[in-house]
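What follows is a set of notes on a single structure, which appears directly below.
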Amino acid sequence: MTEENDVRRPDVSVIVPVNAQGDLGNVRTLLADVGKYEGPLIVETILVVNNFPEGEIPSEADDLAELATTVLTIPDVRKPGEAVGFSARIPGIRAASSQCCVLFDADCRIPDPTALLDWYHEQFQRGADAAYTHVAYHDYDDALSVRVYFAVHHTARWVKRRLLGIPTTRGSNYTVRRDVLLELYDQGLLADEMNVGPTMKRLKGPVVYGSDEELTVYTSGRMFSPGWRNFIPYFFYRLRYNLRVLPVRPNVASVTGRENDPVRRYEDNAPIRD
1 MTEENDVRRP DVSVIVPVNA QGDLGNVRTL LADVGKYEGP LIVETILVVN NFPEGEIPSE
61 ADDLAELATT VLTIPDVRKP GEAVGFSARI PGIRAASSQC CVLFDADCRI PDPTALLDWY
121 HEQFQRGADA AYTHVAYHDY DDALSVRVYF AVHHTARWVK RRLLGIPTTR GSNYTVRRDV
181 LLELYDQGLL ADEMNVGPTM KRLKGPVVYG SDEELTVYTS GRMFSPGWRN FIPYFFYRLR
241 YNLRVLPVRP NVASVTGREN DPVRRYEDNA PIRD
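In terms of our numbering, the sequence shown has 149 at position 149, counting the first letter as 1, and numbering is strictly consecutive.
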């Protein structure tokens, strides 16, 4: 047996899109969290640094290359009708060495990476094509209106998951079987995180959910600004968006309206609202 064959391939590929306009610092904390993994699995980390001018690769990308297994630099990952965060994951998934691809956002925090990654890999070994766990929030304005936003989001996801049987995969925390996701994506059936779970459940294998507290991932609440003025319009928008995106259909990108999404910019780790 050659030395090359003696090298064990990664059991899990952690893939993270990194918006160069706001997450080059945040992803360091996430990588530190993943680096605390103490289980038996071999874990690779793949970063997809994006959203920067052509030919102007951020200098921070070289530093991140010392912390991650692989760093891909792509100026613009946007695709018509696709959620840009989802589009940014695809190059990382294609580059993954493992079939078990765990997907986080750059601003996530993972209190117990050992429990989480071991659980995800166990579900993969049992035949799940996708899995996800509870998501909570950190780094948010502790205003009543923001807490109500969170409560409504959690309630809506509970209703979809428990009452309607719709898997509520979201970009900040889920895992997929690499080849299955790429097959569905290349067929035009995926355009957003939220239609990954329903599409896999209907057309492929099981999608499972883990509710144990130790499996919780925390995503940033920095996108939620306090105030009630936009509360009702926002949730009517979310309802209409769900009705367009959740049905399993070909060329789903043609109905999302995501081609009109603005390019996200940040200042002091907070979104700039034009």
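Idealized CB from N, CA, C, for every residue including glycine.
DSSP bridge partner residues for residue i (one or two, in chain order)
| i | result |
| --- | --- |
| E44 | S13 |
| F104 | N173 |
| Y234 | Answer by DSSP bridge pairing: none, since Y234 is not bridged. |
| A136 | Y218 |
| R109 | Y218 |
| N26 | Looking at the DSSP assignment, N26 forms no beta bridge with any residue, so it has no partner. |
| N260 | None, per the DSSP bridge assignment. |
| V49 | V18 and T73 |
Enclosing alpha helix (DSSP H) for residue i [first to last residue]
| i | result |
| --- | --- |
| L72 | Premise fails: L72 lies in the beta strand (DSSP E), T70 to I74, not in any alpha helix (DSSP H). |
| V207 | Looking at the DSSP string, V207 is not in any alpha helix (DSSP H); the run it does join, the beta strand (DSSP E), is V207 to G210. |
| P91 | V84 to A95 |
| R161 | Looking at the DSSP string, R161 is not in any alpha helix (DSSP H), and its letter there is neither H nor E. |
| M223 | From DSSP, M223 is part of no alpha helix (DSSP H); its letter is neither H nor E. |
| K201 | V196 to L203 |
| Y37 | No alpha helix (DSSP H) holds Y37; DSSP gives it neither H nor E. |
Beta-carbon proximity of residue i to residue j, cut-off 9 Å
| i | j | result |
| --- | --- | --- |
| P91 | E259 | no |
| D129 | P206 | yes |
| R264 | N26 | no |
| L117 | V176 | no |
| D76 | E54 | yes |
| R9 | S98 | yes |
| H134 | E213 | yes |
| V102 | L189 | no |
First through last residue of the beta strand (DSSP E) which encompasses residue i
| i | result |
| --- | --- |
| S220 | V217 to S220 |
Supposed contact pair residue j and residue i - C-beta distance, whole angstroms, cut 8 Å
| i | j | result |
| --- | --- | --- |
| Y218 | A136 | 5 Å |
| D261 | V84 | 6 Å |
| Y132 | Y209 | 6 Å |
| P58 | L24 | 6 Å |
Residue i Cβ short of 8 Å to the ligand SAM heavy atom set
| i | result |
| --- | --- |
| D11 | The ligand SAM is not part of this structure, which contains no ligands at all. |
Inset, instruction - Examine the Cβ distances between the segment 43-63 and the segment 3-23 and report whether three or more of them are shorter than 8 Å. - result: Contact holds: three or more Cβ-Cβ distances are below 8 Å.
Legend entry - the segment 176-189 contacting the segment 221-241, beta-carbon criterion three pairs below 8 Å: Three or more Cβ pairs closer than 8 Å define a contact, and the segment 176-189 falls short of that threshold against the segment 221-241.
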